[in-house]
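Worksheet for the structure shown next.
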């Protein structure tokens with residue numbers, strides 16, 4: 001059909017006895033497979049008459065799915081994945097493979113050492129006016145929901161230290177965003193190179209262990225960036241992978257581009273079989289949970305869109321595209337989130353981790 005390796009291709013084989021649509025579809029798909037060119041096959045469920053020029057509903061659905069996937073492919077191409085830091089705790093998914101990003105996604109890999117965040121904080125390379133705005137917003141919506149400190153007394157930070165941590169993580173969030181997409185305000189301040197950013201469509205933050213053993217963790221920054229709103233209002237969510245887990249970052253990016261929704265980064269903690277639930281609680285699982293449930297546990301960096309405080313047209317809890325989220329829903333998501341002081345057995349440098357029950 002065509003041999004341009006950069007254009008996503010869909011092939012619709014007409015389902016009718018008077019034309020060789022099925023064999024045409026099979027032949028074209030086989031030809032593309034032989035050439036190593038991806039192609040998306042479309043074939044209708046029901047036979048159509050020769051003079052029927054309509055597009056069946058099932059074919060229309062497949063065409064739209066292809067168009068959305070093709071748009072995602074086009075959106076990724078030429079962008080960057082930004083590694084903030086390096087490999088976290090030897091996690092294989094955190095070993096960023098530039099060949100995969102280049103050859104499979106058309107994305108280049110860029111990286112900055114985490115000292116760049118400290119440099120920008122120390123030298124004031126961030127928008128001071130935005131920081132004041134962000135800090136006031138954080139005080140109003142997040143800091144007031146600071147949770148109980150469960151650390152032992154010897155590891156509990158003072159109120160003054162916690163206040164300093166709040167300021168630190170807000171600056172950190174602004175700087176991480178600037179690293180991803182740039183900020184024209186920095187050019188006005190005389191920082192032309194820093195103003196450019198890295199053209200990143202997704203990023204990852206190493207955090208553990210070298211950063212988090214010494215500085216406040218990245219949970220607040222990652223959670224807010226992955227959320228469809230912040231102190232500047234409702235906006236498209238960014239894609240930021242905890243622990244610079246680039247493989248999960250790619251899955252999050254796919255989900256974001258295909259659904260237009262914020263993506264959850266959580267740990268799969270436990271599978272609860274019906275038998276295990278009954279043994280522990282005495283209750284029988286029914287309905288959608290009849291075959292068991294999977295417990296996703298927030299690592300502290302999960303998008304606030306996952307709080308269940310947004311609703312669809314039927315009034316059911318949902319995660320919605322950012323343009324459908326109301327100010328009221330935004331405030332409900334923030335109200336449903338508690339920011340607990342980080343567990344200093346894990347995060348020696350402190351910080352705050354989001355907590356909510358969906």
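Residue numbers (the UniProt record's numbering): 1 to 358.
Each residue gets a CB set at the ideal place from its N, CA and C atoms; glycine is no exception.
- Of all C-beta pairs linking the segment 223-232 to the segment 300-308, three or more are shorter than 8 Å, placing the two stretches in contact.
- Assigned with DSSP and collapsed to three states, residue 63 falls in helix.
- Between residue 200 and residue 110, the CB-CB gap stays under 9 Å.
- Around the CB of residue 220, 16 or more other CB atoms lie within 10 Å, so the residue is classed as buried.
- For the alpha helix (DSSP H) assignment, the uninterrupted runs of no fewer than 4 residues enclosed by the segment 217-304 are, from N- to C-terminal side, 219-225, 246-259 and 274-281.
- Taking the C-beta atoms as reference points, residue 68 is found nearer than 9 Å to residue 258.
- Contact check for residue 63 and residue 22: beta-carbon distance about 18 Å, past the 8 Å limit, so the pair fails to qualify.
- Relative to the Cα of residue 139, the nearest Cα in the group 121, 324, 164 and 153 belongs to 164.
- The Cβ atoms of residue 234 and residue 266 do not sit closer than 9 Å to each other.
- For residue 5, the CB contacts under 7 Å within the same chain, skipping 5 residues up- and downstream, are 37 in chain order.
- Distance between residue 61 and residue 213, taken at the CA atoms: about 50 Å.
- The segment 276-291 and the segment 86-104 do not touch, with fewer than three beta-carbon pairs separated by less than 8 Å.
- Excluding the 5 residues flanking it on each side, residue 278 has same chain C-beta neighbours closer than 7 Å at 284, in chain order.
- The three-state secondary structure of residue 12, taken from DSSP, is strand.
- Residue pairing by DSSP places residue 82 opposite 110 and 203 in a beta bridge.
- Judged by DSSP secondary structure, residue 338 falls within the beta strand (DSSP E) whose first and last residues are 338-341.
- Taking the CA atoms as reference points, residue 262 sits about 44 Å from residue 51.
- Shown here for residue 218: same chain residues with a beta carbon closer than 6 Å to its own, the five before and five after excluded, namely 205 and 207 in chain order.
- The beta carbon of residue 272 sits closer than 7 Å to those of 292, 293 and 295, all from its chain and outside the five residues before and after it, given in chain order.
- When DSSP states are grouped into helix, strand and coil, residue 43 belongs to the strand group.
- According to the DSSP assignment, residue 352 belongs to the beta strand (DSSP E) that extends over 352-355.
- Here residue 196 has 182 as same chain residues with Cβ atoms under 6 Å from its own Cβ, once five neighbours each way along the sequence are excluded.
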